[in-house]
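Remarks on the structure that follows.
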Amino acid sequence: MPSRKFADGEVVMGRWPGSVLYYEVEVTHYDDVSHLYTVKYKDGTELALKESDIRSQSSFKHRKNQSSSSSPSRKSRSRSRSRSPGRPAKGRRRSSSQSREHKEDKKKIIPETTLALPVLVKPSENNTRRYNGEPDSTERNDKSCIMEQKLKPDVEKERVPEQYSLRSRKEEKKEEIYSEKKVFETKTFEKVSPKTKDLEFGGRIGTFLLIFFLPATVLYLLLMCKQDDPSLMNFPPPLPALESLWESRVFGLYLLWFFLQALFYLLPIGKVVEGLPLSNGRKLQYRINGIYAFILTAAAIGTLLYFQFELQYLYDHFMQFAVSAAAFSMALSIYLYIRSLKAPEEELAPGGNSGYFIYDFFTGHELNPRMGSFDLKYFCELRPGLIGWVVINLAMLLAEMKIHDQSMPSLSMILVNSFQLLYVVDALWNEEAILTTMDITHDGFGFMLAFGDLVWVPFVYSLQAYYLVGHPNAISWPVAAAITTLNCKLWYLL
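In UniProt numbering, the protein residues as written are 1 to 494.
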């Protein structure tokens, strides 16, 4: 390993790469691997030079005294005596004023020369006469250079680390800092959810009215079905007393039902799939186990029936269950809106980011509210309401048998339960398809979906069975066969 010749802080004469000009420089660092000296010029420029391009000041002055006409970097007198562009002709006398002009011209020539130089220069190709425009009799033939590169690839690889840049270290550091800053800005860029401009459902006024109209509609339908003559001629139905609409035990049973389905959702059964890409490029993961939750629910209901639990309780307190579900959906909607105020911009729903409180509360401000891996919107979309719909239908079937003292349910009740059960099982079996629906990809989770999933689906979709309990409708077998054929044909086509 060659020993170091110049020490840090030593003032020496360094050759400017690509020229024959030497300048006073200060050694700042030495690289033991590349054997390059980092030197600093008087103007602050830092370059990495080889040891052969550096001379001590005493040696430089001694060589200069021997021959004032020759360049300090020339080592052989056998070379042609041509001069560099910045030097006057030999023997030409100059006055002091001309000498000063020459020095100024010399300073101007240096940056012009460096601008024309390439960024990287190999030591093997660093020929002084080539840059000065002089012919070089010792220049290698291009073909021989190509042959040498082919014969000695390993030698060429060793020379590459010894290349040095003609750009100053300050410029290189600035470029590195700029490139790192650019990469950092690219990684931290996040797409902001745009503001909702096209308001639906009648805008702020329409959504405000719907918050009260939807619960009133459910209450009206249930009251009408409970009448002896549920016709429009008997509108409006008699309103019950307010205290009869609420019972704490019913609300507790509803909470038990909701959290039981949440427990089934958290069970580590079923496959995990990814949803569609969000606006920020992320893909959320969902566990597909709705059909397993349905099977576990059926087993739980079967166990209750085995121990003679009366499902008719659901029919007797049907209105109170609907009110409890509506109250829970309102409380859930308030929680969802409050937590959405702290959600990042890219997690807001495209259809619920209007800036208006009532509109965003109704349509849903946050797109995918989650508590860890528990997706609230995805869970409420199918589990409590859709499976609850089947349980309500079963309760109505048993209530019909008990109230009318029947050994078996009516044919119309069997058809209603069968076809609606088929609909629910199909939805749970193809649960993964819901990830591409508008409810998941576009709409936020607010009052509209919370009330629709938890109240509208189970208590409005089960109105047929609820109606048949108080208003039996006997049908013949041919009519039942026609209804079955029609439903099967439509099911096949869809």
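C-beta: ideal position from N, C-alpha, C; glycine also. Source: prediction; values computed, not measured.
- Here the alpha carbons of F445 and R204 stand approximately 17 Å from one another.
- Under the three-state reduction of DSSP output, M371 falls in the strand class.
- By the neighbour-count criterion, in which a residue is buried when 16 or more other Cβ atoms sit within 10 angstroms of its Cβ, G281 is exposed.
- Between Y265 and S418, the alpha-carbon positions lie close to 25 Å from each other.
- Linking V39 to G18 through their CA atoms gives a straight-line distance of about 16 Å.
- Within the DSSP bridge table, the entry for R287 names V272 as partners.
- Of the residues E366, Y313 and I483, the one whose Cα lies closest to the Cα of R339 is E366.
- If you draw a straight line from the Cα of K402 to the Cα of I301, it is about 18 Å long.
- Scanning its chain for C-beta atoms nearer than 8 Å, with the 5 sequence neighbours on each side dropped, one finds around V218 the residues A322, A326, V455, W456, F459 and V460, in chain order.
- Taken through DSSP and simplified to helix, strand or coil, Y265 comes out as helix.
- The region 368-382 and the region 295-313 do not touch, with fewer than three beta-carbon pairs separated by less than 8 Å.
- When DSSP states are grouped into helix, strand and coil, V39 belongs to the strand group.
- Residues F6, V25, V27, I54, R55, S56 and Q57 of the same chain have their beta carbon placed closer than 7 Å to that of V12, with the five preceding and five following residues left out of the count.
- Here DSSP, grouped into helix, strand and coil, assigns V469 to helix.
- Boundaries of the alpha helix (DSSP H) harbouring G388: G388 to I403, taken from the DSSP string.
- Here M224 is not bridged, per DSSP, to any residue.
- Judged by their CB atoms, P350 and T196 are nearer to each other than the 8 Å cut-off.
- Take the alpha-carbon of Y220 and the one of S279: they are about 41 Å apart.
- Note: G14 is bridge-paired with Y23 and I54 in the DSSP secondary-structure output.
- Excluding five sequence positions before and after M319, the CB atoms of its chain that fall closer than 6 Å to its own CB belong to L222, given in chain order.
- Contact annotation: S329 and I392 have beta-carbon atoms that are not nearer than 8 Å.
- Beta-bridge partners of E46 (DSSP): K40.
- A residue is called buried when at least 16 other Cβ atoms come within 10 angstroms of its Cβ; G252 does not meet this threshold and is exposed.
- In this structure A480 is in contact with L411, their Cβ atoms being roughly 5 Å apart against a cut-off of 8 Å.
- DSSP, reduced to helix, strand and coil, places T485 within a helical segment of the structure shown.
- In this structure, D453 places its C-beta atom within 8 Å of the C-beta atom of G385.
- Proximity of the region 416-431 to the region 283-297 meets the contact definition, three or more beta-carbon pairs being nearer than 8 Å.
- CA-CA distance, L21 to G14, rounds to 8 Å.
- Secondary structure at T303: helix, using DSSP grouped into helix, strand and coil.
- For E381, the enclosing alpha helix (DSSP H) covers residues L376 to L382.
- Looking only at W16, Y23 and E46, the smallest Cα-Cα distance to Y30 is reached by E46.
- The DSSP-derived three-state label of L348 is strand.
- A buried status is given to Y315, since no fewer than 16 other beta-carbon atoms sit within 10 Å of its beta-carbon.
- With at least 16 other beta carbons inside 10 angstroms of its own, Q261 counts as buried.
- Taking C-alpha positions only, M371 is separated from L311 by approximately 33 Å.
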